[in-house]
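Participant:
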Amino acid sequence: MLPSMRVIVFASQKGGSGKTTLSGHMAVQAELAGAGPIALIDTDPQGSLSKWWNVRESESPYFIQSVFSNLFQDLDLARREGFRYVFIDTPPAVTRAISEVVNFADIVIIPTRPSPHDLRAVGPTVDIVESKHKQLVFVVNDATPRARITSEAAVALSQHGTVAPTIVHNRVDYASSMIDGRTVMETNAGGRSAKEMESLWKYVQERLHRMETVHAGWLDENGQSALEANTNALGRRAPSFGRRLQ
Ligand SMILES: Nc1ncnc2c1ncn2[C@@H]1O[C@H](COP(=O)(O)OP(=O)(O)OP(=O)(O)O)[C@@H](O)[C@H]1O
Ligand SMILES: [Mg+2]
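Position 92 of the sequence shown, counted from 1, bears residue number 97 in this note's numbering, the numbering being contiguous throughout.
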């Protein structure tokens, strides 16, 4: 049997909540933590994650050039190629396409800024995740240190689902590190932001492990993950891993 591959989807209808920042950072952090090989997929027409990867020097994590309509085949191919985790960035919207991406998720991460507008906007994203009976984790992102609204946001979000214990704070290096295709772990290893990414990935990974062992309903009766359960005949296509875009 092929080793299992887990699919982590970043979704939130709210623009600018940190989907792309966290997709790139979590993927690199997973590699650094030895959980690789890791692949990234950008399903957002804005292409922010692809553009970041294109200026990145390192070839890892891998980038899979995919589109909504080929996601199933591309993920299945990634699994056959031996990828352990695939991170998928999505556009800021609530559409049928996003709902289809969520179908492939083993866990959906919903980054949320601690602002009233962002908190009010989580409903439709949560509805999609719940309608697909998927696990979700909120990540409070872009938080101002010591601001009361941060803990208030975490409490408000906890009414809708699990909130990651790691708060991601507002720091300029989350943005500046991505300018030349890197991450905070690569520009300032051991810094505060890098430590946040380390602890966030640890939490997400532990949660996936816990779901695997405790939440029996997550795997079907054959022990298959979300993707494997969706798999039937695969029309093999030429792999497009790690290809720089024009
Ligand atoms: N923790 C943070 N600290 C400082 N800046 C941040 C942080 N998280 C994200 N940003 C910045 O906020 C902006 C929006 O982040 P990002 O592009 O990751 O959000 P997004 O949810 O992918 O947006 P979109 O919905 O448009 O795809 C970017 O300029 C990013 O660099
Ligand atoms: Mg984005």
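Note that CB positions come from ideal geometry on N, CA and C, so glycine has one too.
(1) Measuring only the C-alpha atoms, how far is S9 from F15?
(2) Along the beta strand (DSSP E) that carries P116, what are the first and last residues, could you check?
(3) Give every residue of the same chain whose Cβ lies closer than 8 angstroms to the Cβ of R11, excluding the five residues on either side of it in the sequence, and list them in chain order.
(4) State the beta-bridge partners of A148 as determined by DSSP.
(5) Quick test of your reading: G186 and E62, contact by CB under 8 angstroms. State the CB separation rounded to the nearest angstrom.
(6) Pick from K19, R176, R125: whose alpha carbon is nearest that of Q164?
(7) Kindly indicate the opening and closing residues of the alpha helix (DSSP H) around D123.
(8) Using CA atoms only, rank isn't needed, just tell me which of I154, V144, Q18, Q210 is closest to L27.
(9) For I154, report the span of its alpha helix (DSSP H) as first-last.
(10) Using the C-alpha atoms, what's the distance from E157 back to V134?
(11) T25: beta carbon under 7 angstroms from a heavy atom of ligand 2?
(12) Rounded to the nearest angstrom, what separates P66 and N59 at their Cα positions?
(13) Rounded to a whole number of angstroms, what is the C-alpha to C-alpha distance between D81 and T149?
(14) Contact between the region 40-51 and the region 115-125 is defined here as three or more beta-carbon pairs at a separation below 8 angstroms; is this criterion met?
(15) Is it the case that the Cβ atoms of T48 and P97 are separated by a distance below 8 angstroms?
(16) Whole angstroms are fine: how far does the CA of I93 sit from the CA of T188?
(17) Output the distance between the C-alpha atoms of A104 and I115, rounded to the nearest integer angstrom.
(18) Got a sec? Which residues, its chain only, sit under 7 angstroms from T171 by beta carbon, not counting five neighbours each side?
(19) Starting from F77, follow the beta strand (DSSP E) in both directions and report where the run begins and ends.
(20) Can you determine whether any heavy atom of ligand 1 sits closer than 7 angstroms to the C-beta of R101, and answer yes or no?
Facilitator: In short:
(1) Answer to the nearest angstrom: the Cα atoms are 20 angstroms apart.
(2) 112-117
(3) R89, Y90, V91, D111, I112, L213, S230
(4) H174
(5) 6 angstroms
(6) R125
(7) 121-125
(8) V144
(9) 153-163
(10) 23 angstroms
(11) Correct: T25 has its Cβ closer than 7 angstroms to ligand 2.
(12) 12 angstroms
(13) 40 angstroms
(14) no
(15) no
(16) 17 angstroms
(17) Here residue 104 turns out to be Ser, not Ala, going by the sequence shown. C-alpha separation (whole angstroms): 14 angstroms.
(18) E201, S204, L205, Y208
(19) F77 -> not in any beta strand (DSSP E); alpha helix (DSSP H) instead, spanning 76-85.
(20) No - ligand 1 has no heavy atom lying nearer than 7 angstroms to the Cβ of R101.
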